[in-house]
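Notes follow the structure.
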Amino acid sequence: MLAEQYAAIKRDLDDKGIVFSFSGYLSEGILYSLGEALREKMTLEETDGPTVRRVFSVFVEQMQNIIRYSAEKVTGSTAKPVELSAGMVIIGMEGGKVFIVCGNTVVNTDVPRLRERLDYLKGLDKDAIKTYYREQLREAPEEGSRGANIGLIEIARRASEPIDYDFHAMDGERSFFCLKVRI
Amino acid sequence: MEPLKIPATGRTPEVDFDFAAGILRLSGESYPDDVATFFGPVFAALRSFLEKPGDHPVRFDMELLYFNSSSAKALMNIFQMLETAARAGRSIAVTWCYEENDESMQELGEDFAEDLRHVAFTLKQVPADGAS
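Here the protein sequences line up with chains A and B, keeping their order. Residue 24 in UniProt numbering sits at position 24 of the first sequence; the count goes up by one each step and never skips. Residue 85 in UniProt numbering sits at position 85 of the second sequence; the count goes up by one each step and never skips.
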């Protein structure tokens, strides 16, 4: 029963082409370890260096967005400051392309601004994304942003297809946000 | 001025700023968990070096293989400091290295070079070492 139950979850992941999945509290330490595993796996499969770096770059930006902006967080201080943020990250293969999905809870009041940024990015072609990146690189960071805007541009830039995103209302205060990037 | 040497870690670059020789080098990868903590001392050392009058030419070798978006901001900050010093008359040359086939890093070099007017900027292709 036990094995059957989890085998079903595993099978479901396999069927969707999912190679890595993590759901729970994420930290910079987990980002580092998962990132290393991801790169080792891709290098073993003889993926070329630049592709590995492109996937890795999207992975890092997605993970850091969750760590910084998830609305479900535990912070505190033990020996050093700790910031744990709930979310999920999934990496898989689909039609010969690597995809990375991240998901996390956001507060509803942040949804319109995030949606606006993503819609704007989604509408830009490669050259426009590049110009936008150059502009933002020279801008002072917005208050409270911790650099999210340039992170999203970096993600869109490394993607081989327009980014996909969605929000799912959880209750009056929070929504589940999902971003899918194909590389 | 004392050199600034910071060994690389898994996610922070090697910093090798030999101020006396005028050779500054950044290599490895950069995606620190806290960019401000890592780059703070780098900015401080560079700023105090560039503020001192001197006519020794400066060479900056950008050999990072990967940096995240928050490091990009930090790097831009360094480039702006170098451009300011070059505008004031210091001879400054920046070499941006990228591995062959790494179009992303090559393009980033062009992005960073865009508004350099006084710094001599060179994009340099280097062979891929096979490691990622």
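We put the beta carbon where it would ideally sit given N, CA and C, even for glycine.
- Message: Tell me the DSSP secondary structure of residue 69 of chain A in three-state form.
- Response: Your numbering for residue 69 of chain A matches position 69 in the first sequence. Of the three classes helix, strand and coil, the one that applies to residue 69 of chain A here is helix, per DSSP.
- Item | Rounded separation between residue 80 of chain B and residue 149 of chain A - CA only | Translated into the one-based positions of the second sequence, residue 80 of chain B becomes position 80. Translated into the one-based positions of the first sequence, residue 149 of chain A becomes position 149. Those two C-alpha atoms are separated by around 20 Å.
- Task: Let me know the secondary structure DSSP gives residue 55 of chain B once reduced to three states.
- Result: In the second sequence, counting from the first residue as 1, residue 55 of chain B sits at position 55. Of the three classes helix, strand and coil, the one that applies to residue 55 of chain B here is coil, per DSSP.
- Query: Would you call the CB atoms of residue 17 of chain B and residue 7 of chain B closer than 8 Å?
  - Reply: If you number the second sequence from 1, residue 17 of chain B lands on position 17. If you number the second sequence from 1, residue 7 of chain B lands on position 7. It is not a contact, given that the beta carbons lie outside the stated cut-off.
- Query: Tell me, which residues are paired with residue 169 of chain A by DSSP?
  - Reply: To locate residue 169 of chain A, count along the first sequence from 1; it is residue 169. Beta-bridge pairing links residue 169 of chain A to A/175.
- Task: Determine the extent of the beta strand (DSSP E) in which residue 16 of chain A is found, giving its start and end residues.
- Result: Numbered from 1 along the first sequence, position 16 holds the residue referred to as residue 16 of chain A. Counting along the chain, residue 16 of chain A falls outside any beta strand (DSSP E), and DSSP gives it neither H nor E.
- Task: At 3 residues or longer, and completely inside the stretch 75 to 148 of chain A: list those beta strand (DSSP E) runs for me, N to C.
- Result: 81 to 94, 97 to 107
- Message: Just to make sure I have the definition right: I need the residues of chain B whose C-beta is within less than 8 Å of the C-beta of residue 87 of chain A. Which are they?
- Response: For this step, residue 87 of chain A is matched to residue 87 along the first sequence. The contacting residues do not exist; residue 87 of chain A stays about 16 Å from chain B at best.
- Assigned secondary structure, residue 150 of chain A (DSSP; H/G/I helix, E/B strand, else coil): Along the first sequence, read from residue 1 onward, the residue named residue 150 of chain A stands at position 150. In this structure, residue 150 of chain A counts as helix in the three-state DSSP scheme.
- Task: Would you mind stating whether residue 95 of chain B and residue 62 of chain B have Cβ atoms separated by less than 8 Å?
- Result: Working through the second sequence from its first residue, we reach residue 95 of chain B at position 95. Working through the second sequence from its first residue, we reach residue 62 of chain B at position 62. Yes, they are a contact pair.
- Neighbour list for residue 114 of chain B in chain A, Cβ cutoff strictly below 8 Å: Locating residue 114 of chain B in the second sequence gives position 114, counting from the first residue. 134, listed in chain order.
- Message: I want to verify the contact list: residues of chain A whose CB lies under 8 Å from the CB of residue 10 of chain B, in sequence order.
- Response: Locating residue 10 of chain B in the second sequence gives position 10, counting from the first residue. Ordered by position in chain A, the residues that pass the 8 Å Cβ test against residue 10 of chain B are 32, 36.
- Item | Paired residues, beta bridge with residue 92 of chain B - DSSP | On the second sequence, residue 92 of chain B is found 92 positions in, with the first residue counted as 1. Bridge partners of residue 92 of chain B: B/58.
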